[in-house]
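*Asks:*
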Amino acid sequence: MKIFRWQGVLAFALIGILVAGFLFLFLDGMIERGIEEEGSKAAKTQIDIGSLTTSLLAQSITLTGIEVASPDNNMENVIQFDSLALDLDGTQAIAQKIVIDELQAQGIKLNQKCTHPAKTQKGASPTQETTGP
């Protein structure tokens with residue numbers, strides 16, 4: 001009597017390796033773009049993230065170079081963070097809940113001038129003027 005069907009074990013291992021490789025290569029970028037796009041829609045202003053690093057084993061996310069543009073002045077950031085580190089409760093993720101066990105923010109700056117104009121929600125700079133016929 002066979003306990004294992006080796007073809008099934010091999011297929012399961014191969015799928016597991018492919019999923020782990022995909023997460024290793026693309027998870028950080030997918031989360032970063034999601035936060036920038038959906039956060040910008042919710043805040044109605046541009047949100048930029050310099051870099052994002054996830055650790056599935058440590059159940060943590062670290063964001064660096066976060067800039068939230070002012071909705072009124074596209075040459076100013078309402079708030080900037082040098083880094084933001086979150087430790088998450090992974091057991092709650094199974095229940096589709098996000099529980100932050102610890103949050104560390106470093107280098108918080110308010111109302112800072114920025115080097116490049118922020119985009120408005122539609123993608124155009126509000127200081128650019130268009131002339132029509």
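In terms of my numbering, the sequence shown opens at residue 1 and continues consecutively.
A virtual CB, placed ideally from N, CA and C, is assigned to each residue, including glycine.
The structure presented is a predicted model; accordingly, all values stated were derived computationally and were not measured.
1. Leaving out five residues on either side along the sequence, give the residues of the same chain with a beta carbon under 8 Å from the beta carbon of Cys114.
2. Can you list, in chain order, the residues of its chain whose CB lies under 6 Å from that of Asp89, leaving out five sequence neighbours each side?
3. When the Cα atoms are used, what is the spatial distance from Gly8 to Leu103?
4. Closest Cβ-Cβ distance between Glu32 and chain D: below 9 Å?
5. Give me whichever residues DSSP pairs with Gln104 in a beta bridge.
6. Once DSSP output is grouped into helix, strand and coil, what is the label at Lys41?
*Replies:* Checking against the coordinates, here is how it stands:
1. Counting from one through the sequence shown, the residue named residue 114 turns up at place 114. Around Cys114, the same chain offers Glu67, Ala69, Met75, Glu76, Asn77 as residues with beta carbons nearer than 8 Å, after the five sequence neighbours per side are excluded.
2. Residue 89 sits at position 89 when you count from the first residue of the sequence shown. The residues are Val99, Asp101.
3. Counting from one through the sequence shown, the residue named residue 8 turns up at place 8. Counting from one through the sequence shown, the residue named residue 103 turns up at place 103. Within the model, the alpha-carbon separation for Gly8 versus Leu103 is close to 42 Å.
4. Included in the structure is just one protein chain, with no chain D present.
5. Working through the sequence shown from its first residue, we reach residue 104 at position 104. For Gln104, which the question treats as bridged, DSSP gives the partners Ala85.
6. Residue numbering aside, residue 41 sits at position 41 when the sequence shown is read from its first letter. Residue state, collapsed to three classes: helix.
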